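Remarks on the structure that follows.
Number of protein chains: 4
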Amino acid sequence: MDKLRVCVLGGTGLVGQHMIKMLVEHPWFEIDMITASKKSAGKKYEEACKWLLDGEIPENVREITVVNTDLENISKNKPDFLLSALPSDVAEEIEIKLAKVGHKVVSNSSPMRMDEDIPLLNPEVNANHTELINFQKETRKWEGFIVKAPNCSTTILTLTLKPILDEYGIKAISVVTMQSVSGAGYAGVPSMAIIDNIIPYITKEENKIETETRKVLGKLKENKIKPINAFISATCTRVPVLYGHMEVVSIKTKEECEPKDAIKCMEKFRGKIQKMKLPTCPEKPIIVRKEEDRPQPRLDRYEGKGMSVVVGRIRKCKTMKGIKYIALGNNLIRGAAGVSILIAELLHKTNHI
Amino acid sequence: MDKLRVCVLGGTGLVGQHMIKMLVEHPWFEIDMITASKKSAGKKYEEACKWLLDGEIPENVREITVVNTDLENISKNKPDFLLSALPSDVAEEIEIKLAKVGHKVVSNSSPMRMDEDIPLLNPEVNANHTELINFQKETRKWEGFIVKAPNCSTTILTLTLKPILDEYGIKAISVVTMQSVSGAGYAGVPSMAIIDNIIPYITKEENKIETETRKVLGKLKENKIKPINAFISATCTRVPVLYGHMEVVSIKTKEECEPKDAIKCMEKFRGKIQKMKLPTCPEKPIIVRKEEDRPQPRLDRYEGKGMSVVVGRIRKCKTMKGIKYIALGNNLIRGAAGVSILIAELLHKTNHI
Amino acid sequence: MDKLRVCVLGGTGLVGQHMIKMLVEHPWFEIDMITASKKSAGKKYEEACKWLLDGEIPENVREITVVNTDLENISKNKPDFLLSALPSDVAEEIEIKLAKVGHKVVSNSSPMRMDEDIPLLNPEVNANHTELINFQKETRKWEGFIVKAPNCSTTILTLTLKPILDEYGIKAISVVTMQSVSGAGYAGVPSMAIIDNIIPYITKEENKIETETRKVLGKLKENKIKPINAFISATCTRVPVLYGHMEVVSIKTKEECEPKDAIKCMEKFRGKIQKMKLPTCPEKPIIVRKEEDRPQPRLDRYEGKGMSVVVGRIRKCKTMKGIKYIALGNNLIRGAAGVSILIAELLHKTNHI
Amino acid sequence: MDKLRVCVLGGTGLVGQHMIKMLVEHPWFEIDMITASKKSAGKKYEEACKWLLDGEIPENVREITVVNTDLENISKNKPDFLLSALPSDVAEEIEIKLAKVGHKVVSNSSPMRMDEDIPLLNPEVNANHTELINFQKETRKWEGFIVKAPNCSTTILTLTLKPILDEYGIKAISVVTMQSVSGAGYAGVPSMAIIDNIIPYITKEENKIETETRKVLGKLKENKIKPINAFISATCTRVPVLYGHMEVVSIKTKEECEPKDAIKCMEKFRGKIQKMKLPTCPEKPIIVRKEEDRPQPRLDRYEGKGMSVVVGRIRKCKTMKGIKYIALGNNLIRGAAGVSILIAELLHKTNHI
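Protein chains in written order, with my numbering: chain L, 741 to 1093; chain A, 741 to 1093; chain U, 741 to 1093; chain D, 741 to 1093.
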């Protein structure tokens, strides 16, 4: 099989680098083009990019010449699809331009996530929302399309909520996050801000979790996603951890759900995509740990190659009259680059790309 | 006025050192004796103690000879009262022995906190619980008595809950803590456990918060403390922060309480002790910050000389149909040494010592 | 006495904030004006400045309107002198303009430090280099003048070298620094770069130490500073510490110097300024600790209100046939804001301002 | 080939765990027995051991019953050889007993390292010192023997010195280390000691480096190791880094050695063992990085599976009239478990075990 040729938009940042690392070894996809801002355009990737991941820059991308993120450059190459890790302030304009003229855009950037006709995909949770794509193309009169990956905390959260939602129903959710510094990009959190400290606020993050979660878990019906009808309350904090977002979750369920029930349904949970043999798909989307002091970011953030979410301390919640637990996911893999590539795999398997 | 002579039980540990530092400059109290375990007994304080606080060991305690924590040694000196920072595995036996023969024990250690006739005091919150002392002495046929300071997280939490409870009533509380490493004592958390990491579990801590909070906020009536009738759910985590416990709190109130109401009642809140001019009493027990990213442990942990609790981000909680906020308190001062000394001041002012 | 009116150039950054904090309580000086870049100009100081120091912004500077750093604005006010914490890329041009027309500039920024007629002052070490000022004014035909504070690591280092140089002579110096993140400014070191890590390189720093040290310790003779004739080798690293630069120093002395000799001459060392009763002058410029594990940044960085350097582990050096030791200084106080103000005090006392 | 059966002495600690992880996948060796102190004896390995490495405890060691570290237990099983990760206070007595009755002991513990007839092996550097083994057995009238791995910092240091010594000769060495907390064992460094701090002292470490380095680099002649005749000066510090020891090294060479010469001889350096195809032998013992800010502990500590040392910033040293550079090695792999296993491989290949 010929590999699909991918163009990575915004390939020099932290999420872009993870995408590139995962693509280099990908059985279905290959990197065709890497774009970045003007100041990087024209440079070789190894010069344009301060490589932040373990090991060296992969051999075969070092010499790729980075191009400016504009329509003309990208269209010339006719990539089979695009992966976008663009910063949120530039993403919307260029992604729309690209989709209009026929490009298939799988985007990790935040604008348009809540647009009604834009699927917000976490493949184990709502693979069927891809059905919106045709409606989107029709309505917008676009040759191509845009699908979005949710915010990193939402991706981790919704994966753990899905099995509970399906078996017991959910009335309310409370989540307190402790998010790693890598979630803000390489230079996002100064060391002076976070050494020996916690910052109890992340711009726009709580709103993203509260709105995106409802959409991701929502039901698609007649080209509309009906968000779940549950109260969600999020408090987001930044902690001195490099990788891995921890979330303390409490759920009020519709049907009574004992901790042992929750453990059981999380452990056996598989999405449809687990049967599709998608290359990036973890065998177990949720790994349940029984030790009283797990999950921990440093110990658990690479489970399932960073694509599994690790859940522990599943207990009764006296306040919510439901259950509570701790979830831990890799914000850059499951929460960003990995989920985007998993979406692309799903779209390929379902003939959208 | 002659100063009251204090014996510090367990004076070489982290809490004991804070007590000693605060006593050295105290206008009412003076250090009469310092006890510790056998291996320290007979040494000078400066030799027995690895001093962990800023600056040098206070001049006038360096030469004090540490004695073994036993009844005979302590009774010989006839101190006016005792401050106990003993480890929980040895505290109960010796504290009971001491109280029996007439000593007045103000203890920060955990055993007996939930005993029905033992006041668990957070002076701004429940100063009137001192009335139990006489009942305790009668019932137990003790010459002296024991009063306890609550667990550090409970002390911080109950201080912020008290004004809400008084004005709006409380039906349910959910709290997620991010506790500093100093809460476990100097050698309690190995650096290999916590650098670039979070540990989502602290032994017995959640149970302490859930039970002690109800007692501290409870009503004293006919020599019984009736705990408040509210569901409490606690999740406790350890974070790579040196000092200061952060707590993410959600409250379901009985009467409707808007964020602005909560701000108002917290800002104006004063305990009875604020009028008594107790030396360790902070002017404002609760300081409300309006910035969206406060409180932060490193920036706010010494507010009110470590005796105030700083609250921020007071917002509506969609899930609890009430309010939520972030609280930050100094676990070693407000949460341990400081509250113990404040209790002693209250007892002195009310003629119990 | 009327206080001298100071204009702080670049007053919103980390060094500028320290200057302002120290000036607010200063007995001789008062803040007359604060400048910053265009984007801050016109704002109140509390709006222009993300305050990074403990406690609140001092009451009486909050409302000061920040002005753009240009000649006209500054000259209008006729300040008695200027303290500059300008970034190095803009400092040179404006500082020269100001000196030309009569302003007296005490600058912490790096350009021109090695200019032959510019005093590079560490007051305990080379107060007499102020004599260059008149020569500078004549040669350059300036109405005012510029004097410079050395690089932070150099200030700390030269203070500890001075007593050894005077009594035993120095042939060679080797220094390995472990510098705190605050040395790079608030946003200088991303947390992703330094958590669980060390960066063994700081741009231009090694060269600064090697050249500035020779000048600071040099002899002034006939309007020329003759640098000391000693080999200097510096290796600079960045470590995950908030404040305080640690330096591992080895010295080859001319005369034999035993560790006990070095201890003695460091402990008794006083500069001329110690007799002048300058307000910011520490009682002991060098504090020698005898414990085997001191100095430590977190424990010792505020000695002498951050103006003393703490030295420990003074031992024989087998390799250099001399002595070696550990030095620790507060990079923002002794190494930047504090030394600049100390220079201004010296200049005032010697009638230069 | 049947695998050699290994007994791991002290297999539950941090070094022991690394040995076990490396043995589980070893092509020549297999774990026959794991010993520990009395409190672990009788338990399954998974119960006796708080597993600290990434991933789970290897499947096939979980169920192994840990035995007490005593002669009788060990002798019963007749292992082919022993790997010792015993704490230094118990190692000497039991290791001698074992060697006496015929056991072959490869030990990472510190006692006896400087004994004249005990080889102190860093295989790329002094594989020929194994010739002492026969002399040792004769002299001591032992059936078995003991060989030692050097202290972690010495192992890393001597590997980088060897090529320089061979080609240019060495007159003096100065080394400043920044050692990770894992070097002190899991609970060795409390988080309260090291967060936002550096400790400029490690018990006995400087003496170990100064004496062991001379022996490892020494020449074997007529059953005597003649240490190299070079001054060595070490200063050791503890830094808030999890894994990886960094060393700032300056060398005075006998023959002139330019940085480019040093780079060349380090890059081409191979020990005899590199030709023997030992399984744990890194392809390149020394990896030279050209970037100005490398090596860094977090980025480089797993080079060559943790068995290579990464060297960077090779420059002239003005003070030592030689060269200086930064070295970084994995203290638990190259510096402890890995080098011990590499020694065992060498001994097997040369028919000592």
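The beta carbon of each residue, even a glycine, is placed where N, CA and C say it ideally should be. Because the structure is a prediction, the values reported are computed rather than measured.
Those residues of the region 960–988 of chain D placed with their C-beta closer than 8 Å to a C-beta in chain U are Phe971, Ile972, Ser973, Thr975, Thr977, Val979, Pro980, Val981, Leu982, Met986 and Val988, ordered along the chain.
By the criterion of a C-beta distance shorter than 7 Å, Ala781 (chain L) is surrounded in its chain by Val806, Val807 and Asn808, once the five residues flanking it on both sides are discounted. If you draw a 10 Å sphere on the C-beta of Lys779 (chain L), you find fewer than 16 other C-beta atoms in it, and that means exposed. Only exposed fits Lys1017 (chain U), as fewer than 16 other CB atoms lie within 10 angstroms of its CB.
DSSP lists D:Ala776 as the bridge partner or partners of Asn808 (chain D). Close to chain U, meaning a Cβ-Cβ distance shorter than 8 Å, are the following residues of the region 916–943 of chain L: Val921, Ser922, Tyr926, Ala927, Gly928, Val929, Pro930, Ser931, Met932, Ala933, Ile934, Ile935 and Asp936. Here Gly958 (chain D) has Ile965, Lys966, Pro967 and Ile968 as same chain residues with Cβ atoms under 6 Å from its own Cβ, once five neighbours each way along the sequence are excluded. Three or more Cβ pairs drawn from the region 983–991 of chain D and the region 920–930 of chain D lie within less than 8 Å of each other, which places the two stretches in contact.
Taking Glu864 (chain L) as reference, the option from L:Ile896, L:Val1051 and L:Asn874 with the minimal CA-CA separation is L:Ile896. In this structure, Val1028 (chain L) keeps its C-beta atom at 9 Å or more from the C-beta atom of Ile991 (chain L). Distance from the CA of Ala974 (chain A) to the CA of Ile972 (chain L), rounded to the nearest whole angstrom, comes to 18 Å.
For Leu838 (chain U), no CB of chain A lies under 9 Å from its own CB, so it is not counted at the interface with that chain. Between the alpha carbons of Val887 (chain L) and Thr1020 (chain D) lies a distance of about 47 Å.
Taking a beta-carbon distance threshold of 9 Å, Leu860 (chain A) does not count as an interface residue toward chain U.
Beta bridge pairing from DSSP links His985 (chain D) with D:Gly1069. Straight across, the Cα-Cα distance linking Thr775 (chain L) with Asn817 (chain L) is about 12 Å.
Following the DSSP letters along the chain, one finds Ile873 (chain U) inside the alpha helix (DSSP H) bounded by residues Leu872 to Arg880.
With a cutoff of 9 Å on beta-carbon distance, Phe769 (chain L) and His1092 (chain L) are scored as not near each other.
Cα atoms of Glu995 (chain A) and Lys1056 (chain A): separation of roughly 14 Å, rounded to the nearest angstrom. Residues of chain A with a Cβ closer than 8 Å to the Cβ of Arg954 (chain L) do not exist; the shortest Cβ-Cβ separation is about 11 Å. Pairing Ala825 (chain D) with Ala1077 (chain D) gives a Cβ-Cβ distance under 9 Å. For a cut-off of 8 Å, the C-beta gap from Leu1087 (chain D) to Thr870 (chain D) is around 7 Å, short enough to register as a contact. The three-state secondary structure of Ile1093 (chain L), taken from DSSP, is coil. The alpha carbon of Val846 (chain L) has as its nearest neighbour, out of L:Asn868, L:Asp820, L:Glu856 and L:Asp829, the alpha carbon of L:Asp820. Two segments are said to touch when three or more pairs of C-beta atoms, one from each, lie closer than 8 Å; by this definition the region 789–808 of chain D touches the region 741–756 of chain D.
Per the DSSP secondary-structure output, Thr993 (chain D) pairs in a beta bridge with D:Ile910.
When secondary structure is reduced to three states using DSSP, Thr1059 (chain A) falls in the coil class, being assigned neither helix nor strand. Taking a C-beta distance under 9 Å as the contact criterion, Gly1046 (chain L) and Leu1072 (chain L) qualify as a contact pair. DSSP places Leu744 (chain D) inside the beta strand (DSSP E), whose first and last residues are Leu744 to Leu749. Scanning chain A for C-beta atoms nearer than 7 Å to the C-beta of Asp1033 (chain L) yields Ile939, Pro940 and Tyr941, reported in chain order. Assigned with DSSP and collapsed to three states, Arg978 (chain U) falls in strand. By the C-beta density criterion, Thr993 (chain A) is buried, having at least 16 other C-beta atoms within 10 angstroms. For Ala788 (chain L), the CB contacts under 7 Å within the same chain, skipping 5 residues up- and downstream, are Thr752, Ala776, Ser780 and Val806 in chain order. Listed in chain order, the non-local C-beta contacts of Ile834 (chain L) below 8 Å within the same chain comprise Leu749, Thr809, Asp810, Leu811 and Leu826, local neighbours out to five positions each way being set aside. Secondary structure of Lys1030 (chain D) (DSSP, three-state): coil. The beta-carbon of Leu1068 (chain L) is placed no less than 9 Å from the nearest beta-carbon of chain D.
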